[in-house]
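In terms of my numbering, the sequence shown opens at residue 385 and continues consecutively. C-beta atoms are modelled at their ideal positions from N, C-alpha and C, and glycine is treated no differently.
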Amino acid sequence: MSIMSKQQEMYELVTAWQQSGQSQKAFARSSNIPFARFNYWARKKKQEEESKVGFVRIEPDKTEAGTTLEVVYPNGVRVSVPAADLPLISRLIGLR
Numbered sequence: 385m386s387i388m389s390k391q392q393e394m395y396e397l398v399t400a401w402q403q404s405g406q407s408q409k410a411f412a413r414s415s416n417i418p419f420a421r422f423n424y425w426a427r428k429k430k431q432e433e434e435s436k437v438g439f440v441r442i443e444p445d446k447t448e449a450g451t452t453l454e455v456v457y458p459n460g461v462r463v464s465v466p467a468a469d470l471p472l473i474s475r476l477i478g479l480r
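Written out as structure tokens, the structure reads:
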């Protein structure tokens, strides 16, 4: 039997809230958690996820015409671009 840390427990609750479609206040109330505490953990998890953003080297497959690459931003926005357009991809990755 493993003991879950407070951080793990709260992060699981934040993930459950994100999937619930409820407001933070409604989710915190239904989970018997003070809103301020829940909001703190939601912000902390978001900041931690945003700090993990990194870069991965990509090599487009030159044999397939029409291949696209999808750039996904931390806020969930997705942009599909032609994989052969490396300058455009570079600019998209550099956006903040």
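Should Ala467 be labelled buried (16 or more other beta-carbon atoms within 10 Å of its own) or exposed?
buried
Apart from the five residues on each side of it in sequence, which residues of its chain come closer than 6 angstroms, Cβ to Cβ, to Lys429?
Tyr395, Val398
Taking the straight line between their C-alpha atoms, what separation do you get for Ala410 and Pro418?
11 angstroms
Ala458 vs Glu434 beta-carbon contact at 8 angstroms:
Checking the sequence shown, residue 458 turns out to be Pro, not Ala. Going by C-beta atoms, Pro458 is nearer than 8 angstroms to Glu434.
In this structure, does DSSP put Thr399 in helix, strand or coil?
helix
Which of helix, strand or coil DSSP assigns to Ser464:
strand
Rounded C-alpha distance that separates Leu476 from Trp425:
30 angstroms
Please classify Ala400 as buried or exposed, where buried requires at least 16 other C-beta atoms within 10 Å of its C-beta.
exposed
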